[in-house]
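Novice: So the sequence lines, in the order shown, correspond to chains A, B, C and D.
Remember, the numbering used here sits 4 above the position in the first sequence when you count from 1.
Remember, the numbering used here sits 4 above the position in the second sequence when you count from 1.
Remember, the numbering used here sits 4 above the position in the third sequence when you count from 1.
Remember, the numbering used here sits 4 above the position in the fourth sequence when you count from 1.
Beta carbons are placed, not taken as given, at the ideal position from N, Cα and C, and that holds for glycine.
Structure in structure tokens, see below.
There are 4 protein chains.
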Amino acid sequence: MIVVLDRDIARADIDRLTEDLGAAGLSAKLSGNGDPWMLVAAEQVPGRVRQWVRELPGVSRVVDVPGKFRLSSRDFQPESSTVTLDNGLTIGGTGFVVAAGPCAVESAELLSATADSVRAAGAEVLRGGAYKPRTSPYSFQGLGPAGADLLDQERKRSGLPVVTEVVDPGDVELLADRADMLQVGTRNMQNFALLSEVGRSGKPVLLKRGFAATIEEWLFAAEYVLSTGNTQVVLCERGIRSYDPSTRFTLDVSAVPVVKALSHLPVIIDPSHSSGRRDLVKPLALAAAAVGADGLLVDVHPESAAALCDGDQALSPEEFTDLMASLRRVLAAVDRTLARPCEPLRAREA
Amino acid sequence: MIVVLDRDIARADIDRLTEDLGAAGLSAKLSGNGDPWMLVAAEQVPGRVRQWVRELPGVSRVVDVPGKFRLSSRDFQPESSTVTLDNGLTIGGTGFVVAAGPCAVESAELLSATADSVRAAGAEVLRGGAYKPRTSPYSFQGLGPAGADLLDQERKRSGLPVVTEVVDPGDVELLADRADMLQVGTRNMQNFALLSEVGRSGKPVLLKRGFAATIEEWLFAAEYVLSTGNTQVVLCERGIRSYDPSTRFTLDVSAVPVVKALSHLPVIIDPSHSSGRRDLVKPLALAAAAVGADGLLVDVHPESAAALCDGDQALSPEEFTDLMASLRRVLAAVDRTLARPCEPLRAREA
Amino acid sequence: MIVVLDRDIARADIDRLTEDLGAAGLSAKLSGNGDPWMLVAAEQVPGRVRQWVRELPGVSRVVDVPGKFRLSSRDFQPESSTVTLDNGLTIGGTGFVVAAGPCAVESAELLSATADSVRAAGAEVLRGGAYKPRTSPYSFQGLGPAGADLLDQERKRSGLPVVTEVVDPGDVELLADRADMLQVGTRNMQNFALLSEVGRSGKPVLLKRGFAATIEEWLFAAEYVLSTGNTQVVLCERGIRSYDPSTRFTLDVSAVPVVKALSHLPVIIDPSHSSGRRDLVKPLALAAAAVGADGLLVDVHPESAAALCDGDQALSPEEFTDLMASLRRVLAAVDRTLARPCEPLRAREA
Amino acid sequence: MIVVLDRDIARADIDRLTEDLGAAGLSAKLSGNGDPWMLVAAEQVPGRVRQWVRELPGVSRVVDVPGKFRLSSRDFQPESSTVTLDNGLTIGGTGFVVAAGPCAVESAELLSATADSVRAAGAEVLRGGAYKPRTSPYSFQGLGPAGADLLDQERKRSGLPVVTEVVDPGDVELLADRADMLQVGTRNMQNFALLSEVGRSGKPVLLKRGFAATIEEWLFAAEYVLSTGNTQVVLCERGIRSYDPSTRFTLDVSAVPVVKALSHLPVIIDPSHSSGRRDLVKPLALAAAAVGADGLLVDVHPESAAALCDGDQALSPEEFTDLMASLRRVLAAVDRTLARPCEPLRAREA
């Protein structure tokens with residue numbers, strides 16, 4: 005049972021309400037980061053109890069969530085949710101959002117060149133990693149804080165919002181100041197300390213699916229963020245581990261309609277990391293559009309042969325431009341268009 | 005090394021050629037079912053040997069195939085191959101072929117009703133199983149020969165070519181007389197005795213991917229058919245086994261561009277068996293069209309709640325019609341159209 | 005519901021009984037190959053119906069099987085079953101049976117040399133393939149009928165019972181005359197035509213687990229054999245497909261206690277094909293003994309570097325002798341010993 | 005290339021050495037937490053360069069590591085390494101170490117009762133979680149700091165060393181003061197921030213395999229710890245994700261000999277979390293001993309039906325005692341015994 009509170013409820017009223025529920029045997033606790041928002045009871049409750057709670061002062065509505073999930077569930081929120089970045093770009097509506105850029109931030113020049121080329125092709129978000137979780141401690145780990153500063157400079161220069169990965173709870177604050185959206189990577193999907201910390205930052209969160217996570221585990225990871233009161237969550241399918249060595253991972257396109265049946269959260273697809281092969285990025289991107297995803301995350305690098313990270317999968321700017329042209333046609337066939345930031349917001353930013 | 009022979013070569017010349025090659029240490033053996041066609045040597049050979057072979061009498065051309073695959077490889081045949089059914093319908097060209105129908109043949113009435121409705125919606129092949137490989141010996145195993153007769157009657161009545169599964173080498177002859185295309189199912193992909201037998205039948209073969217087969221194993225299974233001399237092979241991706249219980253299998257859409265990079269064979273997708281969920285069939289079908297597949301295999305049943313086999317995944321005729329309308333739009337966006345049989349052939353048949 | 009009939013029941017009485025059950029709405033059908041044995045009803049039935057059936061003439065007992073499995077289930081037969089070969093060797097009792105030999109039969113000399121060395125080390129069954137299911141049609145496929153003849157000669161010469169794989173229903177008769185036990189390989193576990201045919205042969209069957217089969221699917225495959233009336237089934241775990249390339253397959257030792265909780269059938273382990281690595285065979289063989297398996301299937305080849313099939317995993321006779329010495333110690337620690345054929349039978353055979 | 009330095013080398017000499025190497029184009033960087041220890045170059049270098057480095061002042065030895073791994077590799081350290089806890093108990097020698105206890109710490113009484121019973125049965129390490137990484141944010145997450153205090157009290161009371169899981173880099177210091185060994189759980193195996201932090205703590209580390217990690221990824225995770233200078237790493241196989249729902253995970257016993265061929269690190273097995281089934285713990289524990297593991301991690305709970313976490317897999321004290329009796333026999337068969345702490349150390353501690 006989720007008890008949604010009046011927006012203007014006083015702290016004292018919340019405490020009294022929690023006490024009343026406790027006296028009735030309900031372990032409801034406040035969800036969210038200080039913002040009076042909602043109480044989540046540990047278990048489902050009978051209808052007559054819900055009726056009683058509904059009439060307590062300060063309660064706006066009471067929602068029964070029959071399945072395993074709560075805040076991420078369509079039973080809790082039937083309409084699809086959207087996540088809006090600072091420049092007004094909305095993820096999860098009829099618009100389709102393409103985030104593109106280098107796997108790792110390498111230099112200001114390369115970042116600007118990539119940003120300009122992907123924007124020209126129709127991307128509206130710049131992706132780039134300052135902190136790279138690498139399998140080997142001897143691989144390039146990203147530029148760290150210097151990379152974050154480059155991202156910050158680039159978003160100011162280009163006006164493109166930036167999404168970047170965070171790998172340590174201790175880095176959340178630094179990155180929250182320098183990026184528009186925080187990515188939790190596949191290897192950290194069940195790093196619950198990190199999920200809570202990005203949740204509390206209040207920033208939009210891009211939550212990649214663990215490469216061996218079930219959809220249930222993925223939605224529970226989203227619940228860790230949502231239960232901090234941060235509702236700005238976008239899911240990203242990026243391939244799961246299978247036995248076939250043809251591709252680095254197996255892109256699970258079915259995950260999109262499966263998630264959408266269970267949850268109101270937006271879902272995008274990463275065709276670059278799932279396949280690990282440049283030649284597969286375009287067909288998988290078109291499949292993503294056709295299957296109902298809300299966007300893409302694409303590796304683009306002006307000189308992929310020299311990339312410090314995952315160059316085999318990065319598109320050249322020319323290949324990306326070609327992909328976007330084909331993508332527009334498939335999107336039109338499913339009654340969608342590329343998302344554009346809200347113009348007034350965009351003007352203000354400029 | 006593959007030695008393609010002159011079409012009009014005499015048997016005696018073949019024997020002499022084989023002998024000459026053997027004397028040179030090459031274990032070339034005739035591929036194909038009696039039809040003088042080609043010799044396949046067990047190993048790659050140096051360029052000077054190929055040159056020598058090329059000039060032997062009766063040799064049309066000599067092909068070096070550097071990878072693991074031979075007859076299925078794009079190195080052997082760079083242009084994409086096509087498979088043409090008796091009514092002139094071509095699988096693997098610019099046309100996109102939809103085969104639809106009930107999982108299992110149940111009665112003449114149901115089969116005719118389904119055939120009429122799927123044809124009206126744009127399907128050009130009727131699918132239906134007379135022999136069903138079922139996990140449990142206590143499940144409905146199909147009508148057997150009676151089901152095959154129903155398929156034969158229905159293709160004569162409706163003019164729709166029929167594809168049906170064969171599970172036993174001993175049934176190949178019976179089914180080859182009653183169907184237009186023989187399907188080898190996922191559980192039999194490495195049933196090498198069956199592959200050889202369907203190959204020798206000379207009928208077009210629909211080869212489903214084993215649910216835990218690598219793409220390499222799948223192409224080797226195709227080689228078993230091709231090496232009998234039967235070049236009429238269409239591959240079908242139908243989902244692979246993963247750890248996620250959300251769907252029955254995980255549809256591997258990447259398999260389509262991966263196969264097309266390695267092989268000239270057409271590839272279609274089965275969104276029904278991969279997901280096992282009616283609500284996923286349409287989005288997965290659209291993804292199949294976008295990713296570059298050459299067609300679909302779809303379960304349709306007029307009364308799916310009463311279906312004797314896999315009713316949970318069968319579309320109603322109305323749902324199928326809706327799918328086809330959306331499919332036409334996505335196909336147009338990737339410059340394809342629904343395939344149509346060759347009209348003169350069709351006329352002749354009628 | 006399973007209705008076990010009197011051993012001496014007349015055919016007419018069976019027919020009458022089937023009719024009576026049919027009149028009561030029960031679709032019971034005779035299981036077994038001509039031998040009056042049992043009727044298996046498609047569904048569970050209420051207790052009062054079982055009571056009524058129990059009292060019909062010709063009925064010996066009625067068993068209710070609550071789970072999915074029937075003839076393989078411990079609910080049907082609580083005591084562990086055993087399979088006895090012609091020389092009296094019993095698989096599934098307190099004895100632990102080791103079958104060893106070359107992956108493929110290559111020559112009479114090699115087979116005899118291997119048989120003598122594995123017998124000297126304590127193996128009591130000779131394994132060897134005359135028909136090899138190979139991923140590629142261009143790999144060595146076994147000697148076929150000539151290989152089967154070699155096995156037959158060798159079992160007569162050495163007195164060791166022989167287990168060999170059958171891949172085509174059409175070969176069952178030939179191999180049943182030349183071997184003591186028929187193996188259904190991992191790629192054919194759901195080749196239902198083959199399962200029925202080996203069942204009908206009446207020979208002991210070694211049923212390998214499909215490399216991506218669930219335990220449920222494996223037991224259902226056993227049901228296909230058992231429902232022909234052939235109760236001589238031994239299961240063999242041989243590794244399942246996973247994402248880790250370190251080993252060819254992942255040996256699932258848990259399968260042994262999982263199967264033993266569900267079923268009365270004996271289970272052995274193949275440490276050679278699961279790992280594909282010679283250095284892992286011994287530790288995995290010891291783990292098999294410790295986890296409760298009833299035996300082993302081990303590749304041994306006197307000159308593994310020159311083996312025509314799977315040489316990387318074959319032990320030398322010296323390595324096998326070393327394995328057996330360690331195995332005896334672990335078996336003693338779990339109160340088991342190496343199985344020995346029944347002496348009188350053995351004498352009679354000689 | 006790994007450059008091992010003289011133990012008494014001065015900081016200035018290290019800096020000069022690094023500079024010299026840098027001038028020669030080698031990106032060697034200091035490994036370890038302040039303790040002058042070794043320089044690890046990013047790449048392999050030719051023999052003449054190694055020779056030159058070997059003669060630089062302050063260099064003790066130079067090791068070429070041909071494979072992917074460095075500090076964890078048997079090429080770097082051919083002899084098996086051991087990890088010794090504060091009480092002198094050694095993991096990785098001929099002794100076999102059993103760590104047992106409740107999944108989660110619940111109360112002082114329960115912890116003491118469990119500690120006493122598992123010690124009486126032969127366990128020499130107490131396991132118990134104060135911080136539990138749970139899939140759902142609504143599940144019991146452990147007692148946190150209070151649980152850590154209970155563990156600290158219990159180890160002082162009983163003298164049993166304690167291993168406990170750490171899930172947040174921010175908790176490492178608190179837990180390092182209250183436990184003898186820090187566990188990194190399966191969901192955090194690639195939480196590189198956490199690996200570095202536990203490495204820097206200098207405490208012995210128990211590194212569980214990610215449930216979908218390759219052995220290569222697992223050893224790279226160990227490299228993250230080792231490259232901080234902390235050599236006290238024990239690996240723990242705890243089951244990998246497969247498609248079969250019979251067990252929670254599939255225990256990969258082959259991982260033990262595979263790791264031991266590549267690495268000098270000790271490896272133990274967790275039969276409780278891999279199977280998730282109480283009835284499988286004993287057979288899997290015996291298989292672990294037979295396959296060559298160095299120890300076990302076993303869930304034991306006096307009242308498993310009431311356990312707050314994973315009660316289905318916890319053994320009762322009686323079942324654990326029975327397991328240990330059987331284990332002793334299998335260990336004897338492979339020439340091992342249960343490990344005992346070093347007596348003088350133990351006395352000193354008391």
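Which residues share a DSSP beta bridge with K286 (chain D)?
Specialist: Start at 1 with the first residue of the fourth sequence, and residue 286 (chain D) comes out as number 282. Partner(s): none; K286 (chain D) has no beta bridge.
Novice: Roughly how many angstroms lie between the CA atoms of N37 (chain B) and F224 (chain B), to the nearest whole one?
Specialist: Reading the second sequence from its first residue, position 33 is the one you call residue 37 (chain B). Reading the second sequence from its first residue, position 220 is the one you call residue 224 (chain B). In this prediction, N37 (chain B) has a pLDDT of 45, which is less than 50 and means its spatial position is unreliable; what the coordinates show is noted afterwards. The straight-line gap from Cα to Cα measures roughly 18 Å.
Novice: By DSSP, does V122 (chain C) sit in helix, in strand, or in coil?
Specialist: Walking along the third sequence from the start, residue 122 (chain C) turns up at place 118. If DSSP states are grouped into helix, strand and coil, V122 (chain C) belongs with the helices.
Novice: If the cut is a Cβ gap below 9 Å, which residues of chain A does R213 (chain D) touch?
Specialist: Locating residue 213 (chain D) in the fourth sequence gives position 209, counting from the first residue. Those do not exist, as R213 (chain D) stays about 12 Å from chain A at its closest Cβ, beyond 9 Å.
Novice: Shorter than 8 Å from the beta carbon of I244 (chain A) to some beta carbon of chain B?
Specialist: By one-based count along the first sequence, residue 244 (chain A) stands at place 240. With 8 Å as the cut-off, I244 (chain A) counts as an interface residue toward chain B.
Novice: Could you give the DSSP three-state label for D39 (chain A): helix, strand or coil?
Specialist: To locate residue 39 (chain A), count along the first sequence from 1; it is residue 35. Low confidence applies to D39 (chain A): its pLDDT is 48, below 50, so where it sits in the model is not reliable, and the reading given next is rough at best. Coil, per DSSP.
Novice: Applying a beta-carbon distance threshold of less than 8 Å, which residues of chain B neighbour V260 (chain A)?
Specialist: Along the first sequence, one-based indexing puts residue 260 (chain A) at 256. Within chain B, the residues near V260 (chain A) are P287.
Novice: So if DSSP puts S279 (chain C) in a beta bridge, which residue, or which two residues, is it bridged to?
Specialist: Residue 279 (chain C) sits at position 275 when you count from the first residue of the third sequence. Beta-bridge pairing links S279 (chain C) to no other residue.
Novice: Less than 6 Å between C-beta atoms, sequence neighbours within five positions excluded: which residues of the same chain meet that for L327 (chain D)?
Specialist: Counted from its first residue, the fourth sequence places residue 327 (chain D) at position 323. Around L327 (chain D): K286, A289.
Novice: Give a yes or no on contact between the stretch 194 to 202 of chain A and the stretch 183 to 198 of chain D, applying the rule of three or more CB pairs nearer than 8 Å.
Specialist: yes
Novice: Where does the unbroken beta strand (DSSP E) through V67 (chain A) begin, and where does it stop?
Specialist: Locating residue 67 (chain A) in the first sequence gives position 63, counting from the first residue. Run containing V67 (chain A): 63 to 67, per the beta strand (DSSP E) assignment.
Novice: Take G26 (chain D) as the anchor and find which of D:I13, D:A14, D:V53 has the nearest alpha-carbon.
Specialist: Looking up residue 26 (chain D) in the fourth sequence gives position 22. Minimum Cα distance to G26 (chain D) is reached at D:V53.
Novice: Three or more C-beta pairs closer than 8 Å, one from the stretch 290 to 303 of chain D and one from the stretch 321 to 335 of chain D: is that the case here?
Specialist: yes
Novice: When the Cα atoms are used, what is the spatial distance from D248 (chain A) to T86 (chain C)?
Specialist: Position 244 of the first sequence, counted from the first residue, corresponds to residue 248 (chain A). Position 82 of the third sequence, counted from the first residue, corresponds to residue 86 (chain C). Computed Cα separation, rounded: 38 Å.
Novice: Can a CB atom of chain C be found closer than 8 Å to the CB of L269 (chain D)?
Specialist: As a position in the fourth sequence, residue 269 (chain D) is number 265, starting the count at 1. Output row for L269 (chain D): interface = no.
Novice: Given a threshold of 16 other Cβ atoms within 10 Å of its Cβ, counted over all protein chains shown, does T168 (chain A) qualify as buried or as exposed?
Specialist: On the first sequence, position 164 is the one that residue 168 (chain A) refers to. Label assigned to T168 (chain A): buried.
Novice: Quickly, what does DSSP pair A104 (chain B) with across the bridge? List them, please.
Specialist: Start at 1 with the first residue of the second sequence, and residue 104 (chain B) comes out as number 100. Looking at the DSSP assignment, A104 (chain B) forms a beta bridge with B:L130, B:V302.
Novice: Look up S162 (chain C) in the DSSP assignment and say whether it is helix, strand or coil.
Specialist: As a first step, residue 162 (chain C) is located in the third sequence; it is residue number 158 there, counting from the start. Helix at S162 (chain C).
Novice: Assuming P189 (chain D) contacts P137 (chain D) under a Cβ cut-off of 8 Å, what Cβ separation, rounded to an integer in Å, is found between them?
Specialist: For this step, residue 189 (chain D) is matched to residue 185 along the fourth sequence. For this step, residue 137 (chain D) is matched to residue 133 along the fourth sequence. One detail in the question is off: residue 189 (chain D) reads as Gly in this sequence, not Pro. 6 Å between Cβ atoms; contact.
Novice: Is T98 (chain A) buried or exposed, if buried means 16 or more other CB atoms sit within 10 Å of its CB?
Specialist: Walking along the first sequence from the start, residue 98 (chain A) turns up at place 94. By the 16-neighbour rule on beta-carbons within 10 angstroms, T98 (chain A) is exposed.
Novice: Return yes when the Cβ of V102 (chain B) is within less than 8 Å of the Cβ of L255 (chain B), no when it is not.
Specialist: As a working note, residue 255 (chain B) is residue 251 in the second sequence. As a working note, residue 102 (chain B) is residue 98 in the second sequence. No, the Cβ-Cβ distance between L255 (chain B) and V102 (chain B) is not below 8 Å.
Novice: Is any beta-carbon of chain C found at less than 8 Å from that of R191 (chain D)?
Specialist: Numbered from 1 along the fourth sequence, position 187 holds the residue referred to as residue 191 (chain D). Judged by the 8 Å Cβ criterion, R191 (chain D) is not in contact with chain C.
Novice: Using a Cβ cut-off of 7 Å, which residues of the stretch 216 to 230 of chain A contact any Cβ in chain D, in chain order?
Specialist: Cβ proximity to chain D below 7 Å picks out A216, E221, F224, E227, Y228 from the stretch 216 to 230 of chain A.
Novice: Give the straight-line distance between the Cα atoms of A112 (chain B) and R191 (chain B), rounded to the nearest whole angstrom.
Specialist: Here residue 112 (chain B) refers to the residue found at position 108 of the second sequence. Here residue 191 (chain B) refers to the residue found at position 187 of the second sequence. Approximately 27 Å, taken between the alpha carbons.
Novice: Going by alpha carbons, who is nearest to V69 (chain B) out of B:A309, B:D314, B:S267?
Specialist: The sequence position of residue 69 (chain B) within the second sequence is 65, counting from 1. Comparing Cα positions, the closest option is B:S267.
Novice: In the DSSP assignment, find the unbroken alpha helix (DSSP H) run with M328 (chain D) in it and report its ends.
Specialist: Here residue 328 (chain D) is taken as the residue at index 324 of the fourth sequence, counted from 1. From DSSP, the alpha helix (DSSP H) with M328 (chain D) extends over 321 to 337.
Novice: When the Cα of F144 (chain D) is compared with those of D:A329, D:L312, D:L239, D:A318, which residue comes out closest?
Specialist: Taking the fourth sequence and counting its residues from 1, the one referred to as residue 144 (chain D) is at position 140. Closest by alpha carbon: D:L312.
Novice: Would you mind stating whether K212 (chain D) and Q236 (chain D) have Cβ atoms separated by less than 8 Å?
Specialist: One-based indexing of the fourth sequence puts residue 212 (chain D) at position 208. One-based indexing of the fourth sequence puts residue 236 (chain D) at position 232. Going by C-beta atoms, K212 (chain D) is not nearer than 8 Å to Q236 (chain D).
Novice: Mapping DSSP to helix, strand and coil, what is G214 (chain A)?
Specialist: Looking up residue 214 (chain A) in the first sequence gives position 210. Reduced to three states, the DSSP call for G214 (chain A) is coil.
Novice: The ligand GTP and L255 (chain C): does the residue's C-beta get closer than 7 Å to at least one heavy atom of that ligand?
Specialist: Among the components modelled here there is no ligand, and therefore nothing to report on the ligand GTP.
Novice: Looking at V302 (chain A): is its Cβ nearer than 8 Å to the Cβ of S276 (chain A)?
Specialist: On the first sequence, residue 302 (chain A) is found 298 positions in, with the first residue counted as 1. On the first sequence, residue 276 (chain A) is found 272 positions in, with the first residue counted as 1. Against a cut-off of 8 Å, the Cβ pair of S276 (chain A) and V302 (chain A) comes out as a contact.
Novice: From R344 (chain D) to D184 (chain D), what distance separates their C-alpha atoms?
Specialist: Start at 1 with the first residue of the fourth sequence, and residue 344 (chain D) comes out as number 340. Start at 1 with the first residue of the fourth sequence, and residue 184 (chain D) comes out as number 180. Near 16 Å, if we compare the C-alpha coordinates of D184 (chain D) and R344 (chain D).
Novice: So, with DSSP's three-state summary, where would you put S308 (chain C)?
Specialist: Here residue 308 (chain C) is taken as the residue at index 304 of the third sequence, counted from 1. DSSP places S308 (chain C) in helix when its eight states are reduced to three.
Novice: Tell me, which residues are paired with V167 (chain B) by DSSP?
Specialist: Within the second sequence, the letter at position 163 stands for residue 167 (chain B). Answer by DSSP bridge pairing, in chain order: B:R131, B:M185.
Novice: Please return the same chain residues whose Cβ sits closer than 7 Å to the Cβ of A134 (chain C), not counting the five positions on each side in sequence.
Specialist: Position 130 of the third sequence, counting from 1, holds the residue named residue 134 (chain C). When the five nearest sequence neighbours on each side are left out, the beta carbons in the same chain lying within less than 7 Å of the beta carbon of A134 (chain C) are those of V109, G146, L147, G148, G151, A152, L155, T168, in order along the chain.
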